[in-house]
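Asker: Line order of the protein sequences matches chains A and B. Just so you know, we're using numbering that gives the first Met the number 0 here: the first sequence kicks off at 0 and counts up by one. Just so you know, we're using numbering that gives the first Met the number 0 here: the second sequence kicks off at 0 and counts up by one. The beta carbon of each residue, even a glycine, is placed where N, CA and C say it ideally should be. Right, I'll just put the structure down here and ask away after.
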Amino acid sequence: MKEFFSFVKIILSVCLVSISMILLVSALVSVNVKTKLFSFDLANRNLILNDTVVVHFIHGSIPETNCDYQKKRLGGLLGGHIELEVKGKVYGFLYDNLPIHTFSQKKFNSKFEALSKTEWEIKNENDRITSIYIPTEKKKMQTLQAELASNLNSPPYDYAFIGHRCTSSTASLLSEHQIINTFSDLESIIAFFYPRTFRGALIKFAKINKLKIKFAKGSDCHLWEG
Amino acid sequence: MSESHISHTHPDQEITILLNEYNLCCTRIEDFIKRQDSILQISLVIMGGVIAFTMLNIIPQELFIAVPLVPFIILIHVLYHFSRVITNQGYRKYLEEILNAKILNNSPIKYYKVGKEFMLEKNPSSKINSIIFPLIFLLSILYSIFMSNFNLIVIGGSIVYIIIIIIVGININSFLKDLDERVFQFCKDNT
Chain A
0 MKEFFSFVKI ILSVCLVSIS MILLVSALVS VNVKTKLFSF DLANRNLILN
50 DTVVVHFIHG SIPETNCDYQ KKRLGGLLGG HIELEVKGKV YGFLYDNLPI
100 HTFSQKKFNS KFEALSKTEW EIKNENDRIT SIYIPTEKKK MQTLQAELAS
150 NLNSPPYDYA FIGHRCTSST ASLLSEHQII NTFSDLESII AFFYPRTFRG
200 ALIKFAKINK LKIKFAKGSD CHLWEG
Chain B
0 MSESHISHTH PDQEITILLN EYNLCCTRIE DFIKRQDSIL QISLVIMGGV
50 IAFTMLNIIP QELFIAVPLV PFIILIHVLY HFSRVITNQG YRKYLEEILN
100 AKILNNSPIK YYKVGKEFML EKNPSSKINS IIFPLIFLLS ILYSIFMSNF
150 NLIVIGGSIV YIIIIIIVGI NINSFLKDLD ERVFQFCKDN T
């Protein structure tokens with residue numbers, strides 16, 4: 000009995016240390032990425048910021064029982080969705096079918112979809128949305144648009160819980176085209192694990208750089224996150 | 000030197016040595032009280048600085064996980080020194096008993112009993128004092144969770160802090176239980 004308890008103690012200690020290390024590494028990576036985001040020099044004198052990319056954050060929610068608008072998102076309150084608006088089209092990264100993969104697989108269960116701004120507004124008219132307008136160069140917008148168009152045909156990665164989802168995918172795209180600070184895919188997955196973390200960071204970034212933020216309240220009969 | 004002279008100086012020397020040892024013991028205990036005051040003042044200043052920094056600067060939410068680290072370290076430090084004080088309390092009780100036995104039936108030295116009864120067990124402010132450091136720690140956890148907008152990494156880190164403090168608290172509590180009596184008995188058994 001004594002040996003069993005000491006074995007259990009060892010296992011619990013190992014679990015506690017492992018969880019602590021995971022949290023510590025996640026915190027360090029997140030702090031590093033977000034600190035660089037906050038100090039990212041958007042108004043560089045050598046750049047002509049003559050175009051705008053809009054990041055739309057659809058907040059996570061739980062619909063009330065008698066609510067007419069029963070749209071549910073994966074993740075509930077911690078869920079939501081993030082989409083990029085580029086030249087009048089709104090692009091989003093999501094899964095093909097449920098259930099989603101836990102880890103990335105070789106056979107992808109993912110897709111990029113695009114809607115015109117009008118179609119997108121109609122589809123999401125009852126959602127709580129925070130939209131952040133990030134000025135950028137025309138050249139960067141063109142390369143971003145080209146990559147998004149290519150991703151529509153063939154997504155470059157799987158949609159997985161421990162892997163890319165809409166948040167990290169959006170962050171990676173913005174980073175890759177130097178619209179925000181650069182970081183790796185792994186850093187993106189760790190630092191922006193769910194939509195609220197990226198939304199919070201980008202709102203602070205927008206306040207520092209005095210960027211335009213639009214907010215749509217959404218349906219009254221949903222319990223909204225944020 | 001006559002035999003009566005040797006037998007007369009020897010007990011006096013013994014009492015002097017014991018008194019010195021007793022005074023050192025009392026000094027160690029009182030030093031902890033003084034140290035506790037300065038630790039409390041320093042920790043309040045540090046926490047004030049941390050709170051001001053986090054409120055006045057735009058920082059990543061995950062950085063709030065570091066806020067409870069300061070009171071966490073201080074709490075562990077205070078618990079360690081408190082265990083040393085209780086050990087010294089037991090040793091002081093032993094020294095008092097020997098000194099009182101040598102000062103012929105009077106037992107005038109009662110600081111251990113007075114201290115334990117009126118400064119510790121029956122003193123309500125000592126009970127309030129004992130919860131100040133854990134309270135600062137708990138408040139720092141709540142602050143970090145709220146200010147990070149309920150960030151999952153901060154919540155996870157706070158849970159880990161609390162688990163570690165509970166484990167440490169249980170272990171230290173079982174170690175400190177009747178520690179002074181055990182030290183006293185140890186000294187008596189090893190005379």
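Could you pull out every residue in the same chain whose Cβ sits closer than 7 angstroms to the Cβ of residue 135(B), ignoring the five residues on either side in sequence?
Answerer: Here residue 135(B) is taken as the residue at index 136 of the second sequence, counted from 1. Excluding sequence neighbours, residue 135(B) sits near 42, 46, 70.
Asker: For the ligand SAM, I want to know if residue 53(B) counts as a neighbour, meaning its beta carbon is within less than 7 angstroms of at least one of the ligand's heavy atoms.
Answerer: By its list of ligands, the structure shown contains no ligand whatsoever, and the ligand SAM lies outside what it can speak to.
Asker: DSSP three-state call for residue 97(A): helix, strand or coil?
Answerer: As a position in the first sequence, residue 97(A) is number 98, starting the count at 1. Here residue 97(A) sits in coil by DSSP.
Asker: Just checking: is the beta-carbon of residue 26(A) within a distance shorter than 8 angstroms of some beta-carbon in chain B?
Answerer: On the first sequence, position 27 is the one that residue 26(A) refers to. Interface residue, yes.
Asker: Based on Cα-Cα distance, which residue from 123(A), 88(A), 9(A) lies nearest to residue 57(A)?
Answerer: Residue numbering aside, residue 57(A) sits at position 58 when the first sequence is read from its first letter. Among 123(A), 88(A), 9(A), the Cα nearest to that of residue 57(A) is on 123(A).
Asker: Please name the residues in the segment 14-25 of chain A whose beta-carbon is closer than 9 angstroms to at least one beta-carbon of chain B, in chain order.
Answerer: Under the 9 angstroms Cβ criterion, the segment 14-25 of chain A contributes 15, 18, 19, 21, 22, 23, 25.
Asker: So, at 8 angstroms on beta carbons, what are the nonlocal neighbours of residue 10(B) in its own chain, with the 5 sequence-adjacent residues on each side left out?
Answerer: Taking the first residue of the second sequence as position 1, residue 10(B) is located at position 11. Counting only residues of its own chain and dropping the five nearest sequence neighbours on each side, residue 10(B) has a CB closer than 8 angstroms to the CB of 101.
Asker: Beta-carbon separation of residue 85(B) and residue 151(B) under 8 angstroms?
Answerer: Residue numbering aside, residue 85(B) sits at position 86 when the second sequence is read from its first letter. Residue numbering aside, residue 151(B) sits at position 152 when the second sequence is read from its first letter. Not closer than 8 angstroms, so no.
Asker: Take the Cβ of residue 26(B) as the centre, count every other Cβ of all protein chains shown within 10 Å, and call the residue buried at 16 or more, exposed below.
Answerer: Position 27 of the second sequence, counting from 1, holds the residue named residue 26(B). With fewer than 16 other Cβ atoms within 10 Å, it is exposed.
Asker: Do three or more CB pairs link the segment 61-81 of chain B to the segment 35-55 of chain A at distances below 8 angstroms?
Answerer: no
Asker: Taking the alpha carbon of residue 56(B) as the point to measure from, which residue in 218(A), 207(A), 141(A) has its own alpha carbon closest?
Answerer: Along the second sequence, one-based indexing puts residue 56(B) at 57. The shortest C-alpha separation from residue 56(B) is found at 207(A).
Asker: Quick check: the Cα distance between residue 110(A) and residue 90(A), rounded to an integer number of angstroms?
Answerer: What you label residue 110(A) is simply residue 111 of the first sequence in a count that begins at 1. What you label residue 90(A) is simply residue 91 of the first sequence in a count that begins at 1. For residue 110(A) and residue 90(A), the distance between alpha carbons rounds to 10 angstroms.
Asker: Would you kindly work out how many angstroms separate the C-alpha atoms of residue 60(B) and residue 147(B), rounded to a whole number?
Answerer: By one-based count along the second sequence, residue 60(B) stands at place 61. By one-based count along the second sequence, residue 147(B) stands at place 148. Approximately 5 angstroms, taken between the alpha carbons.
Asker: Pull up the distance between the alpha-carbon of residue 66(A) and that of residue 129(B), whole angstroms please.
Answerer: Position 67 of the first sequence, counted from the first residue, corresponds to residue 66(A). Position 130 of the second sequence, counted from the first residue, corresponds to residue 129(B). So the alpha carbons of these two residues sit roughly 51 angstroms apart.
Asker: Short check: CB of residue 191(A) to CB of residue 174(A), under 8 angstroms?
Answerer: Along the first sequence, read from residue 1 onward, the residue named residue 191(A) stands at position 192. Along the first sequence, read from residue 1 onward, the residue named residue 174(A) stands at position 175. It is not a contact, given that the beta carbons lie outside the stated cut-off.
Asker: Is there at least one Cβ from chain A nearer than 8 angstroms to residue 47(B)'s Cβ?
Answerer: What you label residue 47(B) is simply residue 48 of the second sequence in a count that begins at 1. Not an interface residue.
Asker: For residue 129(A), decide whether its Cβ has a neighbour in chain B, counting only Cβ atoms nearer than 8 angstroms.
Answerer: In the first sequence, the residue the question calls residue 129(A) occupies position 130. It does not: the Cβ of residue 129(A) has no partner Cβ on chain B nearer than 8 angstroms.
Asker: Using a 10 Å radius around the Cβ and a threshold of 16 neighbouring Cβ atoms, would you call residue 180(B) buried or exposed?
Answerer: Indexing the second sequence from 1 puts residue 180(B) at position 181. By the 10 Å Cβ count, residue 180(B) comes out exposed.
Asker: Per the DSSP calculation, residue 91(A) is bridged to which residue(s)?
Answerer: As a first step, residue 91(A) must be located in the first sequence, where it is residue number 92. DSSP output for residue 91(A) lists 82(A), 112(A) as bridge partner(s).
Asker: So is residue 212(A) buried or exposed if we call it buried at 16+ other beta carbons inside 10 Å?
Answerer: As a first step, residue 212(A) is located in the first sequence; it is residue number 213 there, counting from the start. With fewer than 16 Cβ atoms within 10 Å of its Cβ, residue 212(A) is classed as exposed.
Asker: Kindly list, in the order they appear in chain A, the residues whose Cβ is closer than 7 angstroms to that of residue 74(B).
Answerer: Position 75 of the second sequence, counting from 1, holds the residue named residue 74(B). Near residue 74(B) there are no residues of chain A at all, since even the closest Cβ is about 17 angstroms away, more than 7 angstroms.
Asker: What residue ranges within the segment 152-215 of chain A form continuous alpha helix (DSSP H) runs of no fewer than 4 residues, ordered along the chain?
Answerer: 165-175, 184-190, 194-207
Asker: Run through DSSP, which three-state label would residue 132(A) get?
Answerer: Numbered from 1 along the first sequence, position 133 holds the residue referred to as residue 132(A). Reduced to three states, the DSSP call for residue 132(A) is strand.
Asker: Can you give me the start and stop residues for the beta strand (DSSP E) that residue 70(B) sits inside?
Answerer: Translated into the one-based positions of the second sequence, residue 70(B) becomes position 71. Membership of residue 70(B) in any beta strand (DSSP E) is not indicated; the residue belongs instead to the alpha helix (DSSP H) covering 68-101.
Asker: Using a Cβ-Cβ distance cut-off of 8 angstroms, determine whether residue 170(B) contacts chain A.
Answerer: For this step, residue 170(B) is matched to residue 171 along the second sequence. Cβ-Cβ to chain A under 8 angstroms: no for residue 170(B).
Asker: Given that residue 203(A) touches chain B, what residues does it touch there, using C-beta distances under 8 angstroms?
Answerer: As a working note, residue 203(A) is residue 204 in the first sequence. What residue 203(A) touches in chain B: 57.
Asker: In three-state terms, what does DSSP make of residue 31(B)?
Answerer: Translated into the one-based positions of the second sequence, residue 31(B) becomes position 32. Helix, per DSSP.
Asker: For the segment 59-70 of chain B, enumerate the residues whose C-beta is nearer than 7 angstroms to any C-beta of chain A, in chain order.
Answerer: 59, 60, 61, 62, 64
Asker: Which two residues bound the contiguous beta strand (DSSP E) that contains residue 151(B)?
Answerer: Position 152 of the second sequence, counted from the first residue, corresponds to residue 151(B). Unbroken run through residue 151(B) is the alpha helix (DSSP H), 151-175; no beta strand (DSSP E).
Asker: Out of curiosity, what's the CA-to-CA distance linking residue 127(A) and residue 220(A)?
Answerer: Here residue 127(A) refers to the residue found at position 128 of the first sequence. Here residue 220(A) refers to the residue found at position 221 of the first sequence. The straight-line gap from Cα to Cα measures roughly 11 angstroms.
Asker: Alpha carbons only, please: which of 158(B), 21(B), 89(B) is nearest the one belonging to residue 187(B)?
Answerer: Start at 1 with the first residue of the second sequence, and residue 187(B) comes out as number 188. When only C-alpha atoms are compared, the closest one is 89(B).
Asker: If residue 143(A) and residue 185(A) are in contact, beta carbons under 8 angstroms, what's the gap, nearest whole angstrom?
Answerer: Numbered from its first residue, the first sequence carries residue 143(A) at position 144. Numbered from its first residue, the first sequence carries residue 185(A) at position 186. Incorrect: roughly 21 angstroms between the Cβ atoms, too far for contact.
Asker: Considering only the alpha carbon of each residue, which of 109(B), 93(B), 39(B) lies closest to residue 133(B)?
Answerer: Position 134 of the second sequence, counting from 1, holds the residue named residue 133(B). The residue with the shortest Cα to Cα distance from residue 133(B) is 39(B).
Asker: Do you know whose CA, among 97(B), 64(B), 37(B), lies nearest residue 25(A)'s CA?
Answerer: Looking up residue 25(A) in the first sequence gives position 26. With distances taken between Cα atoms, residue 25(A) lies closest to 64(B).
Asker: Measure the C-alpha to C-alpha separation of residue 216(A) and residue 54(A) and round it to an integer number of angstroms.
Answerer: Here residue 216(A) refers to the residue found at position 217 when the first sequence is read from its first residue. Here residue 54(A) refers to the residue found at position 55 when the first sequence is read from its first residue. Approximately 16 angstroms between the Cα atoms of the pair.
Asker: Considering residue 107(B), what are the terminal residues of the beta strand (DSSP E) in which it resides?
Answerer: Translated into the one-based positions of the second sequence, residue 107(B) becomes position 108. Following the DSSP letters along the chain, one finds residue 107(B) in no beta strand (DSSP E), marked with neither H nor E.
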